[in-house]
Every structure is written in structure tokens, then in C-alpha cells.
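Colleague:
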Amino acid sequence: MASNSSTSIARKARTKAEADFATWLMMAKLGSFDDLPANAQKVLTGYRSRLDRMSETDSKAIAVRETYQAYFSEMGGTGEAPEPEPRKPTTEDNVVRFQKPPPPKPKPTVTAARGARPPGAGPHRPVPALLIFAAMVALIAVYKFLTR
278 MASNSSTSIA RKARTKAEAD FATWLMMAKL GSFDDLPANA QKVLTGYRSR LDRMSETDSK
338 AIAVRETYQA YFSEMGGTGE APEPEPRKPT TEDNVVRFQK PPPPKPKPTV TAARGARPPG
398 AGPHRPVPAL LIFAAMVALI AVYKFLTR
């Protein structure tokens, strides 16, 4: 039971350490270094001093590890903070493959008893509104002409 508790604390501490370090680093880059808490300033100062001797990735890993150990102790973890398990990538190359959509299914044809079109007649084209309007104006003009 203590092992599960320690693992749970370690996982929470590691997640918090990674998130806090990323936040502190961004705040420092935006010029808010003086507004950070003292422990954050200490971690970032150590991170910057290590950048002269090693790569950014290694320096970041050490800074996160230091923060993780401090958080593990604060959260009630006993003994040395366990080494976290390496994260497994969710996909091989972090790329989602594009899949073509399936071809559309043909719509079932319904033939009505009245007004059914022959099978080879093609689709029904709608009549444009302007043509309908012109036909109505012509009908009204012819009606008025014939009634006078």
C-alpha cells in the first residue's frame, strides 16, 4: 500500500514540477523573473548557469529533477524520490495519417405513380426564379391586354 501511495505522490510531484518549470521559464522570458517566488528564482538561476556547460535539454532535465525532489518531499513522500517511468509516445511518429472518406452511398430511387421520370432522363433541374417571375409578368400583361 505504501508503494502505491509513493508512486501516486511521485507522479503528482513530477507533473507539477514539469508544469511549474515551464511556467517559470516562460515568465522569466517575458521579463517577470523578479515576480517569481524565491525557489523558482533559485531553480532558474541554476538552469541558466548550467546552460554554459551542457545542452538545454540536459539542463532542463536537471532543473525539473531538482524541483521534483523538492515537491516529492513536500507532498509527504518518504525517502528518495523514485525515478519516474519514461513516458511512452502515443503514436510512432506523432503524425496522424490522413484517411480518405468512404465513397458516398447512392441514394435509393423512389418512383412515384404520377410524374415519374424515365430511368435515363437524368436529374431534375430546378427552374430559376427569374424565369418564373418573367413568365408571371408576361401572363399578367397578356391577361390585361385581353380583358380591355
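Each number in our numbering comes from the position in the sequence shown (counting from 1) with 277 added on. Every residue, glycine too, gets a C-beta built ideally from N, C-alpha and C. Every value quoted in this text rests on a predicted model; they were computed, and no experiment measured them.
1) Quick check on DSSP: helix, strand or coil for A358?
2) Does the beta-carbon of R330 have 16 or more other beta-carbons within 10 angstroms, so that it is buried, or is it exposed?
3) Below 7 Å CB to CB, which residues in the same chain sit around G285 once its five sequence neighbours on both sides are set aside?
4) Identify whether L423 lies in helix, strand or coil by the three-state DSSP scheme.
5) Report the residue from A415, A290 and F422 whose alpha carbon sits nearest the alpha carbon of F349.
6) Residues in its own chain within less than 6 Å of S326 by CB, not counting five upstream and five downstream?
7) Return yes when the C-beta of M303 is under 8 Å from any heavy atom of the ligand ZN, and no when it is not.
Modeller: Here's the rundown:
1) Residue state, collapsed to three classes: coil.
2) With fewer than 16 other Cβ atoms inside 10 Å of its own Cβ, R330 counts as exposed.
3) First, the amino acid is wrong: residue 285 is Ser here, not Gly. No residues qualify anywhere along the chain.
4) Note: L423 maps to helix in three-state DSSP.
5) Comparing Cα positions, the closest option is A290.
6) Nothing listed; no residue qualifies.
7) For the ligand ZN, the structure offers nothing, since it holds no ligand at all.
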